[in-house]
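Going by the numbering used here, the sequence shown opens with residue 79, and the numbers climb by one from there. We treat Cβ as the ideally placed atom computed from N, Cα and C, and that holds for glycine.
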Amino acid sequence: MQVITKPDTIREIIKGVKKKGMTVGFVPTMGFLHEGHLSLIRRASLENDFVVVSIFVNPLQFGVGEDFERYPRDLERDRELARSAGCDLLFVPSSKDMYPQGYATFIDVERLTEGLCGASRPGHFRGVTTVVAKLFNLVSPSKAYFGQKDAQQALVLKKMVTDLNMDLDLIVLPTVREPDGLAMSSRNQYLTSEERKEATVLYKSLLLAKELVESGEKDTHVIRKKMGEVICTAKGAVIDYLEIVDTKELKPLDLINGQCLVAVAVKFGTTRLIDNIFVEV
Ligand code: PAF
Numbered sequence: 079m080q081v082i083t084k085p086d087t088i089r090e091i092i093k094g095v096k097k098k099g100m101t102v103g104f105v106p107t108m109g110f111l112h113e114g115h116l117s118l119i120r121r122a123s124l125e126n127d128f129v130v131v132s133i134f135v136n137p138l139q140f141g142v143g144e145d146f147e148r149y150p151r152d153l154e155r156d157r158e159l160a161r162s163a164g165c166d167l168l169f170v171p172s173s174k175d176m177y178p179q180g181y182a183t184f185i186d187v188e189r190l191t192e193g194l195c196g197a198s199r200p201g202h203f204r205g206v207t208t209v210v211a212k213l214f215n216l217v218s219p220s221k222a223y224f225g226q227k228d229a230q231q232a233l234v235l236k237k238m239v240t241d242l243n244m245d246l247d248l249i250v251l252p253t254v255r256e257p258d259g260l261a262m263s264s265r266n267q268y269l270t271s272e273e274r275k276e277a278t279v280l281y282k283s284l285l286l287a288k289e290l291v292e293s294g295e296k297d298t299h300v301i302r303k304k305m306g307e308v309i310c311t312a313k314g315a316v317i318d319y320l321e322i323v324d325t326k327e328l329k330p331l332d333l334i335n336g337q338c339l340v341a342v343a344v345k346f347g348t349t350r351l352i353d354n355i356f357v358e359v
C-alpha cells in the first residue's frame with residue numbers, strides 16, 4: 079500500500095491505474111478508522127481493481143467551537159487498518175495542499191442542507207461537499223463509498239453528484255453498530271464511561287420508533303414524544319434534534335405514509351452523536 083500526501087502525485091498515479099483499464103473505488107474518511115470505515119474499504123476492494131482511501135480532517139466542515147483541534151488522529155494505526163482491509167493507496171493531504179493561500183471556491187447544495195445537522199452546524203455541509211468534490215476530482219473513482227450513519231451527508235453528496243454531472247456511483251452502506259447498538263463513530267472515544275452507557279438511548283429510541291410504526295402508529299408527534307422519553311432516561315442527554323422526515327427532501331412529516339427517515343442528534347457533555355433509521359408503513 080502506497081501512502082501519498084501530494085495532490086499532483088495522486089493524480090499521476092490514478093492516470094497510470096486508469097491506463098491499465100483498472101476501476102478505482104474510493105473511501106473518503108477523516109481517519110481514526112473503525113469497523114464502519116473498514117466495511118466500506120472491504121466492499122470497495124470487492125467491487126474495484128484499485129482502492130483509494132483518503133484521511134483528511136477537513137477544517138472547512140467544522141464550525142467555530144467544534145472539535146477540529148481535538149478530533150482523534152492516529153495515522154500509524156489507520157495505515158495498518160486500511161492496508162489490512164484492502165486499501166491500495168492511502169491519500170493523506172495537508173490542509174495547505176487542499177486549501178492553499180487564496181483558495182476561493184466552494185460547493186453549496188441548497189435546501190437539503192437546511193434542516194437536521196445543517197441547522198445545528200451552519201456551513202458544515204458546504205465544507206463536506208467542497209472537500210468531497212475536490213477529492214473526487216483528484217481520485218476520479220468509478221465508485222465512492224459512504225456510511226448510512228451520516229444519512230443527510232449521503233443524500234447531500236448524491237445530489238451534488240447528480241447536479242454536477244459527476245461520473246461516479248455513490249454507494250451507501252449500512253451503519254455498523256457496537257454489540258449494544260451504539261453506531262460506530264470516531265467521536266465515541268470522547269465519551270466518558272458513564273456517557274458511553276447512556277449513549278445507547280439513541281438506538282433504543284430509534285428501535286422504539288420502528289416498533290411503533292410497525293404496530294400502526296403514523297402520527298410523528300406521538301412517536302417523537304415517546305422517543306424523547308427514552309432519550310431523557312439518560313441523565314446526561316441533551317437532545318439537539320429528533321426528527322421524522324421524508325427520504326427525498328428531508329422535510330419534517332406530520333404523518334408517516336411510505337418510507338421515512340427517523341434521525342436523532344444528542345449531546346452527552348461536549349460530545350454530539352447522531353444516528354438514524356429508515357422506517358416504512
Ligand atoms: O464522513 C466523513 O468522514 C467526512 O464528512 C468526509 C465525507 C470524509 C468529508 O470530510
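- Note that the C-beta distance between M238 and V187 is below 9 Å.
- Short note on P252: C-beta not closer than 8 Å to any heavy atom of ligand 1.
- Residue side-chain check: T107 places its Cβ nearer than 8 Å to a non-hydrogen atom of ligand 1.
- Relative to ligand 1, S132 has its C-beta within less than 8 Å of a heavy atom.
- In this structure, the C-beta of G201 stays at least 8 Å away from each heavy atom of ligand 1.
- Counting only runs of at least 4 residues, the region 154-196 fully encloses the following alpha helix (DSSP H) elements, listed from N- to C-terminal order: 173-176.
- Of all alpha-carbon atoms in T183, K212 and P106, the one lying nearest the alpha-carbon of L167 is that of P106.
- DSSP places Y319 inside the beta strand (DSSP E), whose first and last residues are A315 to D324.
- In the three-state reduction of the DSSP assignment, Y149 falls in the coil class.
- Residue state for V129 is assigned as strand, using DSSP reduced to three classes.
- The beta carbons of V209 and Q139 sit closer together than 9 Å.
- Within the same chain, Q80, I82 and L167 come within 8 Å of I91 by CB-CB distance, once the 5 residues on both sides are set aside.
- Nearest to Q226 by alpha-carbon distance, out of T325, A312 and L320, is T325.
- The beta carbon of V135 is closer than 6 Å to those of M108 and Y149 in its chain, skipping five residues each way along the sequence.
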